[in-house]
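**Q** A single structure is presented below for examination.
Number of protein chains: 2
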Amino acid sequence: MTLPLPAVSAVSDLRAVLARWRADGLTIGFVPTMGALHAGHIALVSQALSRCDRVVASIFVNPAQFAPGEDFDAYPRTLEADADRLAAAGCHLLFAPRARDMYPEGFVTSITLKGPAEGLESAARPHFFSGVATVVAKLLNQVRPDVAVFGEKDYQQLLVIRRLAADLDLETVIEAGETVREPDGLALSSRNAYLSPADRQRAVRLNVILADFAAQLEAGAGIAQAETAALDAARAAFDSVDYVTARCAQTLAPLGPGPLDRPARVLAAVRVGHTRLIDNCAAHPSAD
Amino acid sequence: MTLPLPAVSAVSDLRAVLARWRADGLTIGFVPTMGALHAGHIALVSQALSRCDRVVASIFVNPAQFAPGEDFDAYPRTLEADADRLAAAGCHLLFAPRARDMYPEGFVTSITLKGPAEGLESAARPHFFSGVATVVAKLLNQVRPDVAVFGEKDYQQLLVIRRLAADLDLETVIEAGETVREPDGLALSSRNAYLSPADRQRAVRLNVILADFAAQLEAGAGIAQAETAALDAARAAFDSVDYVTARCAQTLAPLGPGPLDRPARVLAAVRVGHTRLIDNCAAHPSAD
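Which chain is which? The protein sequence lines are A and B, in order. Letter by letter, the first sequence follows residues -11 to 276 in this note's numbering. Letter by letter, the second sequence follows residues -11 to 276 in this note's numbering.
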């Protein structure tokens, strides 16, 4: 397959390109993805381009972060379209490793975190962040970028990766990329492709409920009361609700029951038909 | 305290020195230690010097690899003598991080391995290799050496670290350093300092029993039979025996019951008085 930008799958080939760039004094940005790229991913690439001389994007659907019965096999794989988008965005290199190279026979290492990795997504997906942390540590060691950009759409993941990078003394700066939304507010997600037209209509409620929850908190409402209202709204709108909650924006520690006294993040995970959607937004305490 | 070689404790200071060396095109060797240095450590430093332009030794008594009730508090700390030995050996830099910098408030990450990390030392010290793997990953990310040298005295640890480096895509080459022994065969160990004169006399039997075990295997004895004989000898010689066993030299997988059909390692852990000693040696299958 001929791709419209340079592409490598072997780590040795990746490192050869990176070594040439470093020898020329160029800084390196990195955007790890699972492919099925949308405008949210491309915004992360653009952010990396604004910070670094060269940008590498990886595409790797990481089996270690899917549990049996989750959507690993069904996860959309659209390599040619992804490469077109990356090339158009100005990305310099696509790194698309093979699973057998990432996890060769004899691979036995796993990385786990407590703190921000506990609760929320971990309640529904207990092995998820270990799978994410392990593959991200590998990718960051393979690329050794100056800057890596992760989307705020996966806010808990962003905090886990920040913590991972700090705890393991990785030199990469972890940057947050703002969530990109459809005109009606639905956060872009590769999994939106699973939604039926009717479910797509219902999905828009997720951002509306979270924005309203954040607005209530910013207006001084008690956290427990606002959370109950948001949870009730989510239960009325969706087929099931994993969580709707306000947490400390830095640590994801629970807050409340009174008004906000620090920067918070409101986060939710719900099911619409067979599709699990997550979203989040910031909630700042009022100035007075 | 004035030390006889350059020394840093902050990672930022360490990285500043390393960056100057790399800018000059110098290769970097690394010998991580817990201090209480003896001729075995110095042999590792010499080996690193033979392979690299500059050598960093670290001294860090890692609390994460001691369980409650183990000898973390009692572990010998001899920084000035250690620095004298390192300087005399030609080591270029001592890195002596502080525990509060290695594990600051909020540190939540741990690395675990299956495979070579299972059994043997893990049976007596279940959290040991997670503590080792996590701190070694940190140290290797802090120093990013071309070569790091680990002693064969801790053979299981050596295999765990090789696996860790491969699995997490660390670029450092992990080299094995041969065990250095007293004239009577006792492997050098910082914990030998705990031995009473009478226990020191008994401790010499550990290497004798292992060397005899390996010789039996190399002469074509069945593994199960030779292992039973070695275990009986160890039980007669010591206050207790954690294990005496022959394992695959590459994976530490159990072998037997028949004669050796691949390179093996015979390993033992025993208690002499209050001191736990470990040792190991190679056993090669006969050529025919």
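Even glycine gets a Cβ: it sits at the ideal position worked out from N, Cα and C.
Can you find the residues in the same chain that come closer than 7 Å, C-beta to C-beta, to B/VAL260, ignoring five residues on each side of it along the sequence?
**A** Cβ within range, chain order: LEU183, ASP187, ARG190, ALA191, PHE226, ASP227.
**Q** What residue does the beta strand (DSSP E) around A/PHE83 start on, and which one ends it?
**A** 81 to 83
**Q** For the region 155 to 175 of chain A and the region 242 to 260 of chain A, state whether three or more C-beta atom pairs, one from each stretch, are separated by less than 8 Å.
**A** no
**Q** Helix, strand or coil: how does DSSP classify A/ASP89 here?
**A** If DSSP states are grouped into helix, strand and coil, A/ASP89 belongs with the helices.
**Q** Counting Cβ pairs closer than 8 Å, one from the region 120 to 135 of chain B and one from the region 66 to 73 of chain A, do we hit at least three?
**A** No, the region 120 to 135 of chain B does not touch the region 66 to 73 of chain A.
**Q** Checking contacts by CB at 8 Å: is A/VAL135 closer than that to chain B?
**A** Residue contact with chain B for A/VAL135: absent (no Cβ-Cβ distance below 8 Å to any residue of chain B).
**Q** Give me, in chain order, the residues of the same chain whose beta-carbon lies closer than 7 Å to that of A/CYS79; leave out the 5 immediate sequence neighbours on both sides.
**A** Taken in chain order, the residues that qualify are LEU(-7), VAL33, VAL43, ALA45.
**Q** Which complete alpha helix (DSSP H) runs does the region 13 to 100 of chain A hold, if anything under 4 residues is left out?
**A** 27 to 39, 67 to 77, 87 to 90
**Q** Relative to the C-alpha of A/ALA75, which residue among A/SER118, A/VAL123, A/LEU25 is closest?
**A** A/LEU25
**Q** Over what stretch of residues does the beta strand (DSSP E) that includes B/PHE138 continue unbroken?
**A** Counted as a single uninterrupted DSSP element, the beta strand (DSSP E) harbouring B/PHE138 occupies residues 135 to 139.
**Q** Please check if any C-beta of chain A sits within less than 8 Å of the C-beta of B/ALA241.
**A** No, because no Cβ of chain A sits closer than 8 Å to the Cβ of B/ALA241.
**Q** Scan the region 97 to 120 of chain B for residues whose Cβ lies nearer than 9 Å to a Cβ of chain A and list them as they occur along the chain.
**A** Of all residues in the region 97 to 120 of chain B, THR97, SER98, ILE99, THR100, LEU101, LYS102, GLY103, PRO104, ALA105, GLU106 have a Cβ within less than 9 Å of some Cβ in chain A.
**Q** Any residues in the region 68 to 93 of chain B with a beta carbon nearer than 7 Å to a beta carbon of chain A? Which ones, in chain order?
**A** none
**Q** Run down chain B in chain order and give the residues with a C-beta less than 7 Å from the C-beta of A/LEU156.
**A** THR97, ALA125, LYS126, ASN129
**Q** Mind the definition here: the region 143 to 150 of chain A touches the region 98 to 118 of chain A only if three or more C-beta pairs lie below 8 Å; say whether that holds.
**A** Short answer: they touch.
**Q** Just mark B/ASP220 as buried or exposed, buried being the case when its beta carbon has 16 or more other beta carbons within 10 Å.
**A** exposed
**Q** Under three-state DSSP, which class holds B/ALA164?
**A** strand
**Q** Expressed to the nearest angstrom, what Euclidean distance is found between the alpha-carbon atoms of B/ILE211 and B/ARG151?
**A** When rounded, the separation of the alpha-carbon atoms in B/ILE211 and B/ARG151 is 26 Å.
**Q** For A/PRO56, count the other beta carbons within 10 Å of its own beta carbon; 16 or more makes it buried, fewer makes it exposed. Which is it?
**A** Around the CB of A/PRO56, fewer than 16 other CB atoms lie within 10 Å, so the residue is classed as exposed.
**Q** Within its chain, find whatever has a CB closer than 6 Å to the CB of B/ALA181; leave out the 5 residues flanking it on each side and keep chain order.
**A** PRO64
**Q** Residues of chain B with a CB under 7 Å from the CB of A/LEU152: which are they?
**A** THR97
**Q** Is there a C-beta anywhere in chain A that falls below 8 Å from the one on B/VAL(-1)?
**A** yes
**Q** Quick one: grab the DSSP three-state call for B/ALA270.
**A** strand
**Q** Could you name the residues that DSSP lists as bridge partners for B/PRO242?
**A** B/ARG235
**Q** Mind checking A/MET(-11): buried by the 16 CB within 10 Å criterion, or exposed?
**A** exposed
**Q** May I ask you to report which of helix, strand or coil DSSP gives B/ALA11?
**A** Residue state, collapsed to three classes: helix.
**Q** Can you give me the Cβ contacts of A/ARG10 inside the same chain, cut-off strictly under 8 Å, excluding the 5 residues immediately before and after it?
**A** ILE16
**Q** Return yes when the Cβ of B/ASP230 is within less than 8 Å of the Cβ of B/ALA112, no when it is not.
**A** yes
**Q** Going straight from the alpha carbon of B/GLY208 to that of B/VAL5, what length do you get?
**A** 53 Å
**Q** So is A/ALA214 buried or exposed if we call it buried at 16+ other beta carbons inside 10 Å?
**A** buried
**Q** Can you list, in chain order, the residues of its chain whose CB lies under 6 Å from that of A/ILE99, leaving out five sequence neighbours each side?
**A** ALA121, THR122, ALA125
**Q** Which residues bound the alpha helix (DSSP H) around A/LEU205?
**A** 193 to 206
**Q** Quick check on A/ALA209: does DSSP put it in helix, strand or coil?
**A** coil
**Q** Cα-Cα, which of A/LEU265, A/ALA36, A/ILE197 is closest to A/GLU109?
**A** For the residues A/LEU265, A/ALA36, A/ILE197, the minimum Cα distance to A/GLU109 belongs to A/LEU265.
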